[in-house]
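The block underneath contains the structure these notes are about, expressed in structure tokens.
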Amino acid sequence: MTETKSWKLGIDVGGTFTDLTALDEEGRITATKTPSTPDPSDGVIQGIAKIAGQLGMTAEELLKNCTLLVHGTTVATNTILEYSGAKVGLITTEGFRDEIEFRRSYKESVFSPRLPAPHPIVPRRLRIGVPERVSAQGEVIRELDEQAVREAAAFFQAEGVEAVAVCFLFSFLYPEHEQRVKAIFEEVAPEIFVTLSVEVLPQIREFERVSTTVVNAYTAPAMKHYLERLENRLKELKFAGELFVMQSGGGVQNIVQSGRLAASCLLSGPAGGVTAAAFLGDRLGYADLITVDMGGTSYDVSVIENLQPALTTESWISRYRVALPMLDIHTVGAGGGSIAWIDAGGMLRVGPRSAGSTPGPACYGRGGTEPTVTDVNLVLGYMNPDHFLGGEMKLDKALSEEAIRKYIAEPLGISVIEAALAISEIVNNNMSNAIRFVTTQRGHDPRRFALLAAGGAGAVHAGRQAEDLGIEMVIVPGFAPVLCALGDVVANLKVTELRTFYAAGGDLDLSRMNEVFEGMEQAAREKLGGHSRLKLHEEIRRYVDMRYAGEVHEVTVPIRTRTRKVTALNMDATISQFHDMHERLYAHKNTGQEVEILNLRLDLIGVRERIELREAPFQGEDPQAALMEVRRVHFGIEPEETNIYDGSKLAPGNLMVGPAVIEQWGTTIVVYPGHEALIDAGGNCIIEVRRDREGV
Numbered sequence: 004m005t006e007t008k009s010w011k012l013g014i015d016v017g018g019t020f021t022d023l024t025a026l027d028e029e030g031r032i033t034a035t036k037t038p039s040t041p042d043p044s045d046g047v048i049q050g051i052a053k054i055a056g057q058l059g060m061t062a063e064e065l066l067k068n069c070t071l072l073v074h075g076t077t078v079a080t081n082t083i084l085e086y087s088g089a090k091v092g093l094i095t096t097e098g099f100r101d102e103i104e105f106r107r108s109y110k111e112s113v114f115s116p117r118l119p120a121p122h123p124i125v126p127r128r129l130r131i132g133v134p135e136r137v138s139a140q141g142e143v144i145r146e147l148d149e150q151a152v153r154e155a156a157a158f159f160q161a162e163g164v165e166a167v168a169v170c171f172l173f174s175f176l177y178p179e180h181e182q183r184v185k186a187i188f189e190e191v192a193p194e195i196f197v198t199l200s201v202e203v204l205p206q207i208r209e210f211e212r213v214s215t216t217v218v219n220a221y222t223a224p225a226m227k228h229y230l231e232r233l234e235n236r237l238k239e240l241k242f243a244g245e246l247f248v249m250q251s252g253g254g255v256q257n258i259v260q261s262g263r264l265a266a267s268c269l270l271s272g273p274a275g276g277v278t279a280a281a282f283l284g285d286r287l288g289y290a291d292l293i294t295v296d297m298g299g300t301s302y303d304v305s306v307i308e309n310l311q312p313a314l315t316t317e318s319w320i321s322r323y324r325v326a327l328p329m330l331d332i333h334t335v336g337a338g339g340g341s342i343a344w345i346d347a348g349g350m351l352r353v354g355p356r357s358a359g360s361t362p363g364p365a366c367y368g369r370g371g372t373e374p375t376v377t378d379v380n381l382v383l384g385y386m387n388p389d390h391f392l393g394g395e396m397k398l399d400k401a402l403s404e405e406a407i408r409k410y411i412a413e414p415l416g417i418s419v420i421e422a423a424l425a426i427s428e429i430v431n432n433n434m435s436n437a438i439r440f441v442t443t444q445r446g447h448d449p450r451r452f453a454l455l456a457a458g459g460a461g462a463v464h465a466g467r468q469a470e471d472l473g474i475e476m477v478i479v480p481g482f483a484p485v486l487c488a489l490g491d492v493v494a495n496l497k498v499t500e501l502r503t504f505y506a507a508g509g510d511l512d513l514s515r516m517n518e519v520f521e522g523m524e525q526a527a528r529e530k531l532g533g534h535s536r537l538k539l540h541e542e543i544r545r546y547v548d549m550r551y552a553g554e555v556h557e558v559t560v561p562i563r564t565r566t567r568k569v570t571a572l573n574m575d576a577t578i579s580q581f582h583d584m585h586e587r588l589y590a591h592k593n594t595g596q597e598v599e600i601l602n603l604r605l606d607l608i609g610v611r612e613r614i615e616l617r618e619a620p621f622q623g624e625d626p627q628a629a630l631m632e633v634r635r636v637h638f639g640i641e642p643e644e645t646n647i648y649d650g651s652k653l654a655p656g657n658l659m660v661g662p663a664v665i666e667q668w669g670t671t672i673v674v675y676p677g678h679e680a681l682i683d684a685g686g687n688c689i690i691e692v693r694r695d696r697e698g699v
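Spelled out as structure tokens, the structure:
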């Protein structure tokens, strides 16, 4: 019996599937998928019951012995994408209620006069400016008109407003006025959720601050209610462990903080995959990784350098700016469901339109008739129609061939195979370009990275991307189909604090900087909480946002210090690193130009006890025991006889020389001609790529 074991669960809810991983105290991982549901908590509970059954337990038995459950959720994301959030009001400084619409003059399509304005998540009539004013130095010019705040609260109550965002000019220097507004609402309108900009994003730049705060107010009520409902359902099943939520920045946070700051969970799902990639890179000895995750509708790409995932504060989500630090994940419409089509000029295109899960690709037999990337992979022989999702679902190759013939081959006057190869080449180029966007366009040489492929279809195409970009190594994790859920279960706790701190590099008051950092550390520690039963040690990382005098944008530079104080020597090294980073990003540096500091950042990381995954000894190179069949696969017009292997029967040490196809539960790995694949001790597939292309 397994009742004496303790378990940790990672659960990632996606648009189509809910992925689960269960980690026991000996490092064994069990994984499964279950269809997502309209109420995500239903899919979570069903998934827990399914994975418990695989472990020979009931859901109650598993949860009773579960010490930690980390959840990646799309609740906040779907709320903003579908515009289904709370009815929001905005309180701001008198005269500034239209800041949310000015958008720094940003327009997604500069030359389109027909581009509609973004959906108004806070209509103008629900934006109220109240008398108050603080100077750019943080001095009170006009005291807050509390009566105006009370009148605004009464108006919002009458209008049925559910959440209020509060964002005053220069409140990041003087937060007391915003805090007083919250206190008044708690007194006169306690039913309204209030979110303050000084709690969400206490830093310079008014538009970024008001937009992020409004997005938080719009999404937080739904997130808060969902997490409370999920927690209650888990408790009914005897869950006595701790429940955390994956954050967009790559750490996890408790449900109280996640409910208050839903905007920090907008990339909750994809962040889990990047976190897992960094975890695996550490174990496998690859500090620099490009991670790709190919699902049904999208292809997500990110960069990990020296085991640290890249971050950004310049995200636009559903046409609203969210300036919180998030993992820098670039997404393009290139998934298994991406539809191939011919445009008005007779050019073959792939995506971004997708068949989704319903009706899905033509081969699903659910009514879809247009050809998709999945149909192409089936026709070319990369996928087995009888082994999709480990055999849980059968695919119809004849429907794929008919879709390609009708919509692509006949209109272009070519064969079905030629059309399929053309579609495959285009989607591969689209994905390679997505990788170039986060590497070469940001000063990285992709050739010095390993490519880690995840998702149901990522490992089908990764070999081609590696060839195109000159990458020598492809890693396909043993749990590639549920990588995000694995990231949930291994992630550390993390709290990020931001403060505006303007100073010229040559006139820096180090004592004042250290004082601000100390205050940020204290605030972060309060949010992290000392009540967690996880075995943690704390790690503090400090950063500064720097720029050359006169520039508009900053570069975030880490401060490396061996003590809790930042010294003059530390800052000299930081400024020197800024020059180098600026040159890499923008192709120039000027060491004689004055450097300015704009913001301070601090990460407080609750580092969990190191998790060791179970490994097995090598058992020889010969993979013959896993060989299922020899199938004709098209890597070009003429098919090649290709060995097809059962991934569940491959053992550590097995070596496969391409061309080969490895069929695993939830994913297919294509080993292209000239490539070699080795199964390592952890069950990961390590592919060495031939170097006969120099695409970069």
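So the sequence shown is numbered by the numbering used here: it starts at 4 and just counts up by one. Using N, Cα and C, we set each Cβ at its ideal position, and we do this for glycine too. Source: prediction; values computed, not measured.
Extent of the continuous alpha helix (DSSP H) to which residue i belongs
i           : result
residue 525 : 513-531
residue 257 : Premise fails: residue 257 lies in the beta strand (DSSP E), 255-257, not in any alpha helix (DSSP H).
residue 235 : 209-239
residue 419 : 419-441
residue 155 : 149-162
residue 667 : Residue 667 -> not in any alpha helix (DSSP H); beta strand (DSSP E) instead, spanning 663-667.
residue 462 : 461-472
residue 377 : 376-382
Residue i to residue j span [Cα, whole Å]
i           : j           : result
residue 698 : residue 479 : Low confidence applies to residue 698: its pLDDT is 46, below 50, so where it sits in the model is not reliable enough to give any reading.
residue 519 : residue 500 : 11 angstroms
residue 400 : residue 369 : 13 angstroms
residue 33  : residue 274 : 21 angstroms
residue 147 : residue 153 : 11 angstroms
residue 27  : residue 254 : 21 angstroms
residue 591 : residue 549 : 15 angstroms
residue 545 : residue 564 : 9 angstroms
residue 542 : residue 498 : 11 angstroms
residue 110 : residue 555 : 18 angstroms
residue 363 : residue 388 : 15 angstroms
residue 511 : residue 173 : 22 angstroms
residue 40  : residue 230 : 16 angstroms
residue 243 : residue 12  : 13 angstroms
residue 62  : residue 271 : 25 angstroms
residue 196 : residue 189 : 9 angstroms
residue 472 : residue 654 : 30 angstroms
Endpoints, the beta strand (DSSP E) within which residue i is located
i           : result
residue 591 : Note, residue 591: premise wrong, no beta strand (DSSP E); not H, not E.
residue 9   : Segment: none, residue 9 is in no beta strand (DSSP E) and carries neither H nor E.
residue 640 : Residue 640 -> no beta strand (DSSP E), and no H or E assigned at all.
residue 656 : That residue, residue 656, is in no beta strand (DSSP E); it is neither H nor E in DSSP.
residue 355 : 351-357
residue 95  : 91-96
residue 268 : Where residue 268 is concerned, there is no enclosing beta strand (DSSP E), given that its DSSP letter is neither H nor E.
Per DSSP, the bridge partner or partners of residue i
i           : result
residue 38  : 20
residue 323 : 320
residue 75  : 15
residue 333 : 304
residue 115 : For residue 115, which the question treats as bridged, DSSP gives no partner whatsoever.
residue 311 : 308
residue 558 : 549
Same chain, Cβ closer than 6 angstroms to residue i, neighbours up to 5 away in sequence not counted
i           : result
residue 346 : 352
residue 160 : 192
residue 344 : 352
residue 213 : 102, 103 and 170
residue 475 : 692
Neighbourhood of residue i by C-beta, 7 angstroms cutoff - its chain only, sequence neighbours within 5 removed
i           : result
residue 596 : 551 and 552
residue 594 : 582
residue 88  : 82, 124, 221, 222 and 225
residue 378 : 364, 365, 366, 403, 406 and 407
residue 78  : 43, 225, 226 and 229
Residues near residue i in its chain [Cβ-Cβ closer than 8 angstroms; skip 5 each side]
i           : result
residue 679 : 658, 659, 660, 661, 690 and 691
residue 145 : 134, 135 and 136
Cβ distance (whole Å) where residue i is taken to contact residue j below 8 angstroms
i           : j           : result
residue 503 : residue 602 : 5 angstroms
residue 493 : residue 313 : Between residue 313 and residue 493 the Cβ distance is about 19 angstroms, and since that is not below 8 angstroms, they are no contact.
residue 462 : residue 216 : Residue 462 to residue 216, Cβ: 41 angstroms. No contact.
Chain C contact for residue i (CB, 7 angstroms cutoff)
i           : result
residue 109 : The structure shown has no chain C; it contains just one protein chain.
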